[in-house]
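Asker:
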Amino acid sequence: MDRTAILTQLLQIAAALAVAPLFMGWVTQCRAWLQNRTAPSLWLPYRAIHKLFHKDAVLAQDASPLFRAAPYVVFGTMVVAAAIIPSMSTLPLTPAADAIALVGLFATARVFMSLAAMDVGTAFGTLGARREMMVGFLAEPALLMVIFVASLISATTALPVISARLATQAIGLYPSLAFTAVAFTLVLLAENARIPVDNPATHLELTMIHEAMLLEYSARHLALMEWAAALKLFNYACIGFALFLPWGVATGEAGPLALVLSIPLLAVKLACAGLGIALIETLSAKLRVFRVPEFLATAFLFAVLGMLVHLLLGA
Amino acid sequence: MTTPGWDLQLLNLFAALLLLLSFAMLSQRRIVSLVNLLALQGAVLCAATLLLAWRTGQGHLYLSAVLTLGLKVVGLPWLLHRLIRRLEVYWETEPLINAAGTMMVGLLIVIFSFGLAQPIAELASTTTRSALGIAVSVILLAFLMMITRRKALSQVIGFLSMENGLFFGAMSATYGMPMVVELGVALDVLVAMLVLGVFFFQIREQFDSLDLHHLESLRER
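Put into structure tokens, the structure is as follows:
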């Protein structure tokens, strides 16, 4: 591994860390515009994180070391995930883990988050953790199926190679990829606590999923958790780009120029994705919790249909 | 990976859309939306027929595309909408298996019918033969819908969707049936629809509902 490769890797992690809250802010801003509200500042997530880092942390009396460690674990896994996903370039670290390991990383974060939420023993935390596990165990097979379809088409499970092969093949109509793209969008909404499944802006504890798990956190722990949530959304968006919009990612040998060129393209993709998420969130109503399995079954169905269509029609 | 011509790709896309619409119908509980989905399925079928007619240069396929458009996109949905308004049935009662369960059964059916169609497709000489599996699954999914639904109207919609599947199967295996057969089937469907329309009113007259499980118990008057 030479010096430029390491530099590229560090640059990409730094970019992910820096851009993730901005992306979150952009989605919130788009939502506000679409709902005829005055939009909050694009920099609000940064300010919130900054503010939280300067506060003193309060811990519950019964909190175990797990409760303190969880934010660092969750944040750490998200940073590692950001290092694996080819958002700007196919990196030196990416061969270390394939797409299935990536799903495992997300699962690790989810498990620690749920354990921490149950740790203090409040009713809402436990409730949120259980709901999160329900959403997670239904969303995970759908996500794996999506990845399998892309792997079948490109004959590998390594995300950068999938991305590179999909980018170089002839442009055509791929019903299988279209189906899996829909499935991936549904999984993204469910996994990132967006509206049809969970409302990120809710203050009503009874309907919370993600927020309910964070109720006991304060100060730097909360800041890390929120930053991790933003990173997770950014990571999912980048997985989506790698699978369905793979053009413009700098490959390993392309040199610094391709890397520079990939930055504005990533910005455009992120802006469009943020607008799309905000649009879906504005147009759909929040589902009752008991309807969530149906929503995720639909995602799974789309992914499996994509795979079947690929196997039968070769398209 | 070899890429086929754009017309074949488009045909594959239509086939995939037909399958998708079958699943959408399977999960839909509002009968009005069910009729709209049926009309949409007819429209996709019509587009696929037109494309195939243009690609193979078979004149009679144009005629059957026009027949599809007139009957399945405009005629029957209009008739069904009128029936819904006059019978005032808008919602299907809870189906026998819940939505997620039906979907999973549907997936198994698709896998089964893909396996079923594989040897048949190898015998066919048409370029569209790979779509045969999709046609079989559309037929079987329509069957599933008829089995799981209780209301007479949704069962009839399932029946019509099955006809769509048969039509698509004939198209992909042998570039369509002979014109006489096609006209005969179209006429049959139309007449069946009219007769069933009369039946609906009779059923409702007798039982005050369109729920078919009332028909399962016999009793003397």
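Protein sequences, first through last, are from chains U and V.
The first sequence begins at 290 in the numbering used here and counts up one residue at a time.
The second sequence begins at 224 in the numbering used here and counts up one residue at a time.
Note that the Cβ used here is the ideal one computed from N, Cα and C, for glycine as well.
1) Is the beta carbon of Ala-398(U) closer than 9 Å to that of Val-435(U)?
2) Checking contacts by CB at 9 Å: is Met-224(V) closer than that to chain U?
3) Can you tell me where the alpha helix (DSSP H) with Gly-265(V) in it begins and where it stops?
4) Ser-348(V) versus chain U: which residues are under 8 Å apart at the beta carbon?
5) Is the beta carbon of Ile-566(U) less than 9 Å from the beta carbon of Leu-448(U)?
6) Thinking C-alpha only, which one of Gln-429(V), Gly-420(V), Glu-428(V), His-436(V) is nearest Ile-307(V)?
7) Look at Glu-480(U) and Phe-395(U) and say whether their C-beta atoms are less than 9 Å apart.
8) Quick one: which chain U residues come within Cβ less than 7 Å of Val-361(V)?
9) Assuming contact is defined by CB atoms lying nearer than 9 Å, are Gly-595(U) and Leu-466(U) in contact in what I supplied?
10) Check whether the Cβ of Met-248(V) lies closer than 9 Å to any Cβ atom in chain U.
11) Taking 8 Å as the cut-off, is the C-beta of Phe-426(U) nearer than that to any heavy atom in the ligand FMN?
12) Leu-374(V) bridges to which residues according to DSSP?
13) Give the single residue among Ser-395(V), Met-326(V), Val-296(V) whose Cα lies nearest to the Cα of Ser-348(V).
14) How many Å lie between Ile-484(U) and Lys-575(U) at the Cα?
15) For Ser-378(U), does the three-state DSSP call read helix, strand or coil?
16) Using alpha carbons as the reference points, say which of Ile-334(V), Thr-291(V), Ala-354(V), Val-408(V) lies closest to Thr-397(V).
17) When you compare only the Cα positions, how much space is there between Leu-306(U) and Val-368(U)?
18) How long is the line joining the alpha carbons of Phe-468(U) and Ala-592(U), rounded to whole angstroms?
19) What separation, rounded to the nearest whole angstrom, lies between the Cα atoms of Gln-425(V) and Leu-286(V)?
20) Using 8 Å as the cut-off, can you tell me whether the region 575-585 of chain U makes contact with the region 414-432 of chain U, which would need three or more C-beta pairs spanning the two stretches below that distance?
21) Given a cut-off of 9 Å on the beta-carbon distance, is the pair Phe-382(V) and Leu-268(V) in contact?
22) Count the other CB atoms within 10 Å of the CB of Ile-498(U); is the residue buried (16 or more) or exposed (fewer)?
23) Could you tell me whether any Cβ in chain U is nearer than 9 Å to the Cβ of Gly-381(V)?
24) Terminal residues of the continuous alpha helix (DSSP H) containing Gln-251(V)?
25) Between Leu-433(V) and chain U, is there a C-beta pair that is closer than 9 Å?
26) Using the Cα positions of Ala-328(U) and Leu-244(V), report the straight-line distance between them to the nearest angstrom.
27) Rounding to the nearest angstrom, what Cα-Cα distance links Ile-320(V) and Thr-371(V) in this structure?
28) Quick one: does Pro-485(U) have its CB under 9 Å from some CB of chain V?
29) With distance defined between alpha-carbon atoms, name the residue in Pro-464(U), Leu-546(U), His-343(U), Ala-352(U) nearest to Leu-240(V).
30) Cβ of Met-400(V) less than 9 Å from any chain U Cβ?
31) With 7 Å as the limit, tell me which residues of the region 572-584 of chain U have their beta carbon closer than that to any beta carbon of chain B; keep them in chain order.
32) Write down the C-beta distance between Gln-341(V) and Gly-356(V) rounded to the nearest angstrom, noting that I regard them as a contact closer than 8 Å.
33) Is there contact between the region 315-330 of chain U and the region 527-536 of chain U, where contact requires at least three CB pairs shorter than 8 Å?
34) Output the distance between the C-alpha atoms of Leu-427(V) and Ala-266(V), rounded to the nearest integer angstrom.
35) May I have the straight-line CA-CA distance separating Ala-370(U) from Pro-489(U), to the nearest angstrom?
36) Just the Cα atoms here: how many angstroms apart are Thr-293(U) and Glu-494(U)?
Answerer: Here's the rundown:
1) Going by C-beta atoms, Val-435(U) is not nearer than 9 Å to Ala-398(U).
2) In this prediction, Met-224(V) scores a pLDDT of 41, lower than 50, which makes its location untrustworthy; no coordinate-derived value is stated.
3) Element bounds for Gly-265(V): 254-279.
4) Here the premise fails: no neighbours, minimum Cβ distance about 18 Å.
5) Note that the C-beta distance between Ile-566(U) and Leu-448(U) is not below 9 Å.
6) Ranking Gln-429(V), Gly-420(V), Glu-428(V), His-436(V) by Cα distance to Ile-307(V) puts Gly-420(V) first.
7) At a Cβ-Cβ threshold of 9 Å, Glu-480(U) and Phe-395(U) count as neighbours.
8) Going along chain U, no residue has its Cβ under 7 Å from Val-361(V), so there is no contact; the nearest lies around 13 Å.
9) In contact: Gly-595(U) and Leu-466(U) (Cβ atoms closer than 9 Å).
10) By this cut-off, Met-248(V) is not an interface position.
11) Looking for the ligand FMN in the displayed structure turns up nothing, as the structure carries no ligands at all.
12) Note on residue identity: the sequence assigns Lys, not Leu, to residue 374(V). DSSP, once it has assigned bridges, lists Asp-434(V) as partnering Lys-374(V).
13) Minimum Cα distance to Ser-348(V) is reached at Ser-395(V).
14) Distance from the CA atom of Ile-484(U) to the CA atom of Lys-575(U), rounded to whole angstroms, is 6 Å.
15) The answer is strand: DSSP assigns Ser-378(U) an E or B state.
16) Selection Ile-334(V), Thr-291(V), Ala-354(V), Val-408(V) evaluated against Thr-397(V) yields Ala-354(V) as nearest (Cα-Cα).
17) Leu-306(U) and Val-368(U): Cα-Cα distance of roughly 8 Å.
18) Rounded to whole angstroms, the separation of the alpha carbons of Ala-592(U) and Phe-468(U) is 6 Å.
19) Here the alpha carbon of Gln-425(V) sits roughly 36 Å from the alpha carbon of Leu-286(V).
20) By the C-beta criterion, the region 575-585 of chain U is judged to be in contact with the region 414-432 of chain U, since at least 3 inter-stretch pairs fall below 8 Å.
21) Annotated as distal: Phe-382(V) and Leu-268(V), with beta-carbon spacing of 9 Å or more.
22) By the 10 Å Cβ count, Ile-498(U) comes out buried.
23) No, Gly-381(V) does not count as interfacial toward chain U.
24) It is not in any alpha helix (DSSP H) - Gln-251(V) carries neither H nor E in the DSSP assignment.
25) Chain U contact via Cβ: absent.
26) Looking at the backbone, the Cα of Ala-328(U) and that of Leu-244(V) are separated by about 38 Å.
27) Rounded to the nearest whole angstrom, the C-alpha separation of Ile-320(V) and Thr-371(V) is 7 Å.
28) Proximity of Pro-485(U) to chain V, defined by a Cβ-Cβ separation below 9 Å, is not satisfied.
29) For Leu-240(V), the closest C-alpha among the options Pro-464(U), Leu-546(U), His-343(U), Ala-352(U) is that of Pro-464(U).
30) Against chain U, the CB of Met-400(V) has no partner CB under 9 Å away; the residue lies outside that interface.
31) The chain labelled as chain B is not found among the protein chains of the depicted structure, namely U and V.
32) The beta carbons of Gln-341(V) and Gly-356(V) sit about 7 Å from each other, so the pair counts as a contact at 8 Å.
33) The region 315-330 of chain U is not in contact with the region 527-536 of chain U.
34) Sequence inspection shows Arg at residue 427(V); the Leu mentioned does not correspond to that position. Their Cα atoms are separated by approximately 31 Å.
35) Just so you know, the alpha carbons of Ala-370(U) and Pro-489(U) end up roughly 22 Å apart.
36) Those two C-alpha atoms are separated by around 48 Å.
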